[in-house]
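One structure below.
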């Protein structure tokens, strides 16, 4: 039987005065201090994760809760980060600043295997082909309905935006591949790889938490995942400008970001009528948001031609 967090607390003689459970984390207040305890996930915790922390330290990036020495093989103990209560908009701006700092501190170049680029290209291209066929078939079925349901009508009314987004992705993916297929160096950074507002804490300093998915990769993936988590909540035009002021993207990186955020998600009618309508509205709004985000760059590109 695996030892519990309670067993660990007793073993370490922590003598808590307050215990609070938040998701998978147990926050324990003691006379010695406040700690965050979490059972290690053997499928995630790995030497590569420890290597990420070592590399961050070597690059003078210390903005994460430190693992304390009395952690053991089963339970991880981190320092407790007290969080100030900030407006969400301000917190998102601070998150962007820390993300740009992370990427600046950890940027390096590696020899690129052309198969890496080819895999990205083929995965995106196959997804475009699949989604185009899927939505053509779905709209054909809806068109045959004698009376459309609300969700069918909502999708049919907005299907042009889906197909325009797919067309943008198809055309620009070819442009992107032409830009990078002969490159021999690739710019990479440490990616937190799970960025969302709940994984960022702010007091007198800023911190990213939940680093279990961290890896080395192309810098746009952190911004992409943040966008997917909060696309309709914040002004991502301004956030992208702020990010690029501190960490300018290369043309091929920015184009790949725009392709990825413009890719429609698969819409399925697997829920109640109301929830399906809400989901469709959300997906369509995301596509318009993506169009707005890329429009200034497309306008500049058109002007140059």
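In the numbering used here, the protein residues as written are 132 to 436.
The beta-carbon is built from N, C-alpha and C at its ideal position, and this holds for glycine as well.
Runs of beta strand (DSSP E) lying entirely within the region 236-312, each at least 3 residues, in chain order
239-242
Measure the CB-CB distance between residue 410 and residue 398 and report whether it falls below 8 angstroms.
yes
Could you pull the DSSP bridge partners for residue 331 from this structure?
According to DSSP, which records beta bridges pairwise, residue 331 is partnered with 339.
Who pairs with residue 346 in a beta bridge, going by DSSP?
322
When DSSP labels each residue in this structure, what does residue 152 get in the three-state scheme?
Strand, per DSSP.
What would DSSP say about residue 229, mapped onto helix, strand or coil?
Residue 229 carries a helical assignment under DSSP once its states are collapsed to helix, strand and coil.
Span separating the alpha-carbon of residue 351 from that of residue 422
C-alpha separation (whole angstroms): 17 angstroms.
Where do the ends of the beta strand (DSSP E) carrying residue 209 lie?
Residues 206-210.
Where residue 383 and residue 252 are concerned, what is the direct C-alpha to C-alpha distance, given to the nearest angstrom?
12 angstroms
Bridge partners - residue 167, DSSP secondary structure assignment:
158 and 209
Please confirm whether residue 303 and residue 380 have their CB atoms less than 8 angstroms apart.
no
From the DSSP output, in three-state form, read off residue 178 for me.
With a pLDDT of only 46 at residue 178, under 50, the local geometry of the prediction cannot be trusted, and the value read off the model is given with reservation. Of the three classes helix, strand and coil, the one that applies to residue 178 here is helix, per DSSP.
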